[in-house]
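Protein sequences appear in the order of chains A and B.
Residue numbering for the first sequence follows our numbering, beginning at 1 and increasing consecutively.
Residue numbering for the second sequence follows our numbering, beginning at 1 and increasing consecutively.
What follows is a set of notes on a single structure, which appears directly below.
There are 2 protein chains.
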Amino acid sequence: MNPIKCRAAVLYKEGDPLVIEDVIVPAPDVNQVRVKMVSVGICATDAHFVWGTAKMESWGHKLPSVLGHEGTGIVESIGSNVHDFQAGDVVLMSIIPQCNECVLCQNPNTNICMKNLLPDMGSRVSKKLAKSGQALYGIMGLGTFSDYITVNRDQLFKMTNKVNIENSAIISCAVATGFYSAVNLGKVLPGSTCGIWGIGSIGLNVLQGCKYSKAKNIIAIDITPSKKDIAIEFGATEFVNPKQLNGGQTLEQYLLEKYGGVDYAFDCFGSQIIIDQALKSLSVTGTFVLIGVPPDDTNIVYPCNQLMTGRTITGGFVGGKKSEQAYSELVEMYERKQIKIDQMITDKIPLTKINEGFDNLRSGKVIRSLVTFTGTKMN
Amino acid sequence: MNPIKCRAAVLYKEGDPLVIEDVIVPAPDVNQVRVKMVSVGICATDAHFVWGTAKMESWGHKLPSVLGHEGTGIVESIGSNVHDFQAGDVVLMSIIPQCNECVLCQNPNTNICMKNLLPDMGSRVSKKLAKSGQALYGIMGLGTFSDYITVNRDQLFKMTNKVNIENSAIISCAVATGFYSAVNLGKVLPGSTCGIWGIGSIGLNVLQGCKYSKAKNIIAIDITPSKKDIAIEFGATEFVNPKQLNGGQTLEQYLLEKYGGVDYAFDCFGSQIIIDQALKSLSVTGTFVLIGVPPDDTNIVYPCNQLMTGRTITGGFVGGKKSEQAYSELVEMYERKQIKIDQMITDKIPLTKINEGFDNLRSGKVIRSLVTFTGTKMN
Numbered sequence: 001m002n003p004i005k006c007r008a009a010v011l012y013k014e015g016d017p018l019v020i021e022d023v024i025v026p027a028p029d030v031n032q033v034r035v036k037m038v039s040v041g042i043c044a045t046d047a048h049f050v051w052g053t054a055k056m057e058s059w060g061h062k063l064p065s066v067l068g069h070e071g072t073g074i075v076e077s078i079g080s081n082v083h084d085f086q087a088g089d090v091v092l093m094s095i096i097p098q099c100n101e102c103v104l105c106q107n108p109n110t111n112i113c114m115k116n117l118l119p120d121m122g123s124r125v126s127k128k129l130a131k132s133g134q135a136l137y138g139i140m141g142l143g144t145f146s147d148y149i150t151v152n153r154d155q156l157f158k159m160t161n162k163v164n165i166e167n168s169a170i171i172s173c174a175v176a177t178g179f180y181s182a183v184n185l186g187k188v189l190p191g192s193t194c195g196i197w198g199i200g201s202i203g204l205n206v207l208q209g210c211k212y213s214k215a216k217n218i219i220a221i222d223i224t225p226s227k228k229d230i231a232i233e234f235g236a237t238e239f240v241n242p243k244q245l246n247g248g249q250t251l252e253q254y255l256l257e258k259y260g261g262v263d264y265a266f267d268c269f270g271s272q273i274i275i276d277q278a279l280k281s282l283s284v285t286g287t288f289v290l291i292g293v294p295p296d297d298t299n300i301v302y303p304c305n306q307l308m309t310g311r312t313i314t315g316g317f318v319g320g321k322k323s324e325q326a327y328s329e330l331v332e333m334y335e336r337k338q339i340k341i342d343q344m345i346t347d348k349i350p351l352t353k354i355n356e357g358f359d360n361l362r363s364g365k366v367i368r369s370l371v372t373f374t375g376t377k378m379n
Numbered sequence: 001m002n003p004i005k006c007r008a009a010v011l012y013k014e015g016d017p018l019v020i021e022d023v024i025v026p027a028p029d030v031n032q033v034r035v036k037m038v039s040v041g042i043c044a045t046d047a048h049f050v051w052g053t054a055k056m057e058s059w060g061h062k063l064p065s066v067l068g069h070e071g072t073g074i075v076e077s078i079g080s081n082v083h084d085f086q087a088g089d090v091v092l093m094s095i096i097p098q099c100n101e102c103v104l105c106q107n108p109n110t111n112i113c114m115k116n117l118l119p120d121m122g123s124r125v126s127k128k129l130a131k132s133g134q135a136l137y138g139i140m141g142l143g144t145f146s147d148y149i150t151v152n153r154d155q156l157f158k159m160t161n162k163v164n165i166e167n168s169a170i171i172s173c174a175v176a177t178g179f180y181s182a183v184n185l186g187k188v189l190p191g192s193t194c195g196i197w198g199i200g201s202i203g204l205n206v207l208q209g210c211k212y213s214k215a216k217n218i219i220a221i222d223i224t225p226s227k228k229d230i231a232i233e234f235g236a237t238e239f240v241n242p243k244q245l246n247g248g249q250t251l252e253q254y255l256l257e258k259y260g261g262v263d264y265a266f267d268c269f270g271s272q273i274i275i276d277q278a279l280k281s282l283s284v285t286g287t288f289v290l291i292g293v294p295p296d297d298t299n300i301v302y303p304c305n306q307l308m309t310g311r312t313i314t315g316g317f318v319g320g321k322k323s324e325q326a327y328s329e330l331v332e333m334y335e336r337k338q339i340k341i342d343q344m345i346t347d348k349i350p351l352t353k354i355n356e357g358f359d360n361l362r363s364g365k366v367i368r369s370l371v372t373f374t375g376t377k378m379n
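In structure tokens:
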């Protein structure tokens with residue numbers, strides 16, 4: 001196996017556009033797999049770096065780096081000691097590795113793995129710049145905005161090709177994160193009242209998770225009125241625009257008066273304002289789930305006496321659900337049409353238009369865009 | 001049935017000693033039961049008001065009030081519409097009512113009841129001063145430092161007389177709160193590492209709960225060296241005095257280096273310093289459980305990025321476990337010697353010595369004192 005020369009979208013500096021250029025993707029080493037990408041979702045977590053609202057360094061990352069952390073692809077070649085993948089396999093990426101051996105993988109209540117990428121996010125070199133040979137890092141151990149990637153096998157999961165492989169890319173992050181933040185982290189109970197702050201692709205999947213869990217009231221909260229229709233389609237029983245409440249009522253007043261507060265509050269955006277508002281909107285036994293990644297200096301500030309009736313504050317990457325289990329369940333649900341995925345994908349663009357993709361995400365024009373790669377389309 | 005004239009310990013002002021004086025306990029009204037007290041524990045939650053470190057008003061209470069919220073007693077008489085109690089029944093008190101009918105009683109994940117006492121803590125008049133006829137309130141709907149109390153039937157639970165009734169008084173709060181904060185709120189997993197801040201009667205019961213849940217490392221943390229022996233007796237695998245760590249190491253450094261942090265951190269005291277320290281000592285997937293009732297202005301302040309690996313912050317009264325279920329399980333475990341209760345009771349005093357009881361609690365001389373009432377002793 002030889003290195004491959006191909007294109008990737010490189011971040012040189014937070015706040016600057018991505019640069020599409022030729023890179024060298026190495027042959028897979030021990031326990032590594034090289035994948036030809038099919039499709040990658042444009043997610044707000046990457047966007048924070050493109051928009052300059054978060055620093056790579058505070059995540060343990062280094063620059064320059066290839067962004068992209070969702071995705072599907074086809075195995076191109078395998079390194080030594082890889083026995084469960086072969087060329088041609090359809091695979092899904094995970095930002096959370098799963099070694100199945102460590103003490104955390106043995107713990108049923110977390111998807112964090114001791115071989116977690118977090119400590120080596122900046123150190124895992126996945127590519128080099130073709131023109132200069134400079135080392136390039138890949139965000140979250142991946143960096144999927146690239147024709148090919150070489151990745152640790154613990155971050156890959158084999159999937160069926162009976163579903164739409166392109167659209168499946170968002171199972172990786174948006175679908176798994178949203179759905180399991182409701183079903184697994186929040187453990188939404190039947191008959192409960194759920195508030196979902198931020199109706200993007202994460203929020204819509206939280207809606208699906210709440211509906212799946214048979215919540216009674218599912219309140220979609222967003223300041224973009226046009227998101228109402230898709231929120232209702234995905235399971236919302238009510239759409240609330242906090243800017244349009246009657247008589248200057250605050251959102252928390254509205255939710256407390258109408259529902260006695262929400263039993264589950266999901267922040268799918270990640271901002272101090274929403275976090276504070278969501279915490280204040282909790283019912284006496286409510287659970288707050290932090291999903292959106294807030295700016296680095298954001299804190300939970302919460303009066304202790306409010307915890308004593310049994311309130312809970314939690315958060316987690318990818319809904320805290322172990323990847324293998326999450327992905328196999330979701331792919332099956334997608335195949336059986338028990339969850340909606342296609343309806344969330346509102347745009348498909350080539351890698352060369354990736355900066356427009358991030359602009360469209362910011363303006364609220366799209367729910368989720370996909371970057372799709374030519375020559376790898378399966379269906 | 002007539003009103004009964006008897007003695008009670010009355011708080012007129014926070015920070016002042018309790019006054020033992022004659023009061024009038026009314027005949028039980030609809031859904032009420034009058035109980036002759038057998039035994040009451042002296043708990044730190046009451047003590048905060050006696051010591052002046054908390055205000056009754058911030059709990060929704062009014063003064064003057066009879067303190068005391070643990071306890072066992074014998075039913076003396078019943079009001080109308082009470083069919084499940086009769087004179088002579090041995091009963092245990094709960095600060096948390098359980099109507100078994102409301103939406104929260106139907107929710108398996110909370111012990112808060114819609115008929116919760118909290119909103120009417122100050123308004124439930126249980127007694128009058130004998131000398132003046134002035135209305136007297138009872139803390140947490142109880143006020144058990146009294147020869148007799150008249151109480152809502154939803155706060156009473158029938159128990160067996162096959163166990164030591166006097167000692168059982170602390171099942172009401174200390175045992176149930178500590179044990180279920182580990183078993184139910186924390187949901188301690190086998191093989192895990194638990195840190196318990198504050199080795200009083202609550203802390204010892206958290207230890208028992210962690211041991212029952214088959215935790216691997218159970219670290220008792222207290223600045224009173226004499227508490228080591230009883231901590232070990234109750235299940236601690238290690239006793240740490242934060243003031244005696246080697247080389248100026250902080251407690252959180254010690255716990256992170258030795259154990260990778262604690263999977264469960266229990267604050268059994270309720271102070272800003274301990275809360276901050278316990279939060280900093282969490283493992284990547286750790287759960288913090290607030291048990292001790294901190295001063296009114298105490299806050300959780302926690303960086304959001306620390307939540308994202310799946311950490312959880314929670315709290316709750318009486319371990320969040322429904323009273324009936326909790327008490328029936330605990331009384332049975334006590335009878336079968338699966339939990340220790342007698343070993344925790346280090347002093348028994350008459351009502352007339354109650355102020356000494358609070359002094360002894362403050363000085364760390366006792367683990368738990370009981371106020372016992374003459375003429376009602378069962379065994």
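Built from N, CA and C at the ideal position, the CB exists for glycine as well.
Bear in mind the structure is a predicted one, so any value in this text is a computation, not a measurement.
Per DSSP, residue 334(A) is not a residue of any beta strand (DSSP E); the alpha helix (DSSP H) it occupies stretches across 323-335. Of the residues assessed, residue 75(A) falls on the buried side of the cut-off, its CB having 16 or more other CB atoms within 10 angstroms. Within chain B, no residue has its beta carbon less than 7 Å from that of residue 122(A); the closest one is some 16 Å off. Distance from residue 312(B) to residue 312(A) at the Cβ level is roughly 6 Å; contact confirmed, criterion being Cβ atoms closer than 8 Å. Cβ neighbours of residue 195(B) within its own chain (closer than 8 Å, five residues either side excluded): 219, 221, 255, 262, 264, 265, 266, 278, 281. Rounded to whole angstroms, residue 162(B) and residue 346(B) show a C-alpha spacing of 22 Å. Ranked by Cα distance from residue 15(B), the options 35(B), 38(B), 52(B) are led by 52(B). Comparing C-alpha distances from residue 324(B) to each of 155(B), 175(B), 185(B), 259(B) shows the shortest one belongs to 155(B). Distance check between residue 81(B) and each of 62(B), 42(B), 132(B), 28(B) places 28(B) closest, using alpha-carbon atoms only. Per DSSP, the unbroken alpha helix (DSSP H) holding residue 280(A) starts and ends at 272-280.
Of all C-beta pairs linking the segment 52-72 of chain A to the segment 100-110 of chain A, fewer than three are shorter than 8 Å, placing the two stretches out of contact. Collapsing the DSSP output to three states places residue 299(A) in a strand. Residues of the segment 313-339 of chain A with a Cβ closer than 7 Å to any Cβ of chain B, in chain order: 313, 314, 315, 316, 317, 320.
What residue 307(A) touches in chain B, judged by beta-carbon distance under 8 Å, is 290, 300, 313, 314, 315, 316, going in chain order. The beta carbon of residue 186(B) sits closer than 6 Å to the beta carbons of 264, 287, 289 from its chain, once the five residues preceding and following it are set aside; these are given in chain order.
Within chain A, 285, 310 have C-beta atoms less than 7 Å from the C-beta of residue 110(B), given in sequence order.
Against chain A, the beta carbon of residue 189(B) has neighbours under 9 Å at 107, 108, 109, listed in chain order. Look at the segment 248-270 of chain B: it has no residue with a C-beta under 7 Å from a C-beta of chain A. Counted as a single uninterrupted DSSP element, the alpha helix (DSSP H) harbouring residue 258(B) occupies residues 251-259. Residue-level contact by beta carbon fails for residue 26(B) and chain A, as no gap is shorter than 8 Å.
Residues of chain A with a Cβ closer than 9 Å to the Cβ of residue 293(B) are, in chain order, 304, 305, 308. Every alpha helix (DSSP H) of 4 residues or more that sits fully in the segment 36-124 of chain B is shown, in chain order, as 44-50, 103-106. Close to residue 104(B), with beta-carbon spacing below 8 Å, are these residues of chain A in chain order: 284, 285.
The residue among 129(B), 190(B), 142(B) with its C-alpha nearest the C-alpha of residue 22(B) is 129(B). Residue 32(B) and residue 83(B) have their alpha carbons spaced roughly 11 Å apart. Annotation: residue 314(A) to residue 149(A) spans about 33 Å, alpha carbon to alpha carbon.
The Cβ atoms of residue 159(B) and residue 91(B) sit closer than 8 Å to each other. Beta-bridge partners assigned by DSSP to residue 374(A): none are found. When Cβ-Cβ separations below 8 Å define contact, residue 275(A) makes contact with chain B.
For residue 305(B), the enclosing alpha helix (DSSP H) begins and ends at 304-307. In this structure, 98(A) is the residue among 126(A), 98(A), 125(A) with its C-alpha nearest to the C-alpha of residue 115(A). Neighbourhood of residue 296(B) in chain A, by CB distance below 8 Å: 305, in chain order. Exclusion of the five residues before and after residue 216(A) leaves 191, 192, 193 as the residues of its chain whose Cβ lies within less than 7 Å of its Cβ.
A check of alpha carbon separations from residue 298(A) across 273(A), 316(A), 308(A), 320(A) identifies 273(A) as the nearest. DSSP lists 217(A) as the bridge partner or partners of residue 193(A). Nearest Cα to residue 356(A) within the set 39(A), 370(A), 174(A): 370(A).
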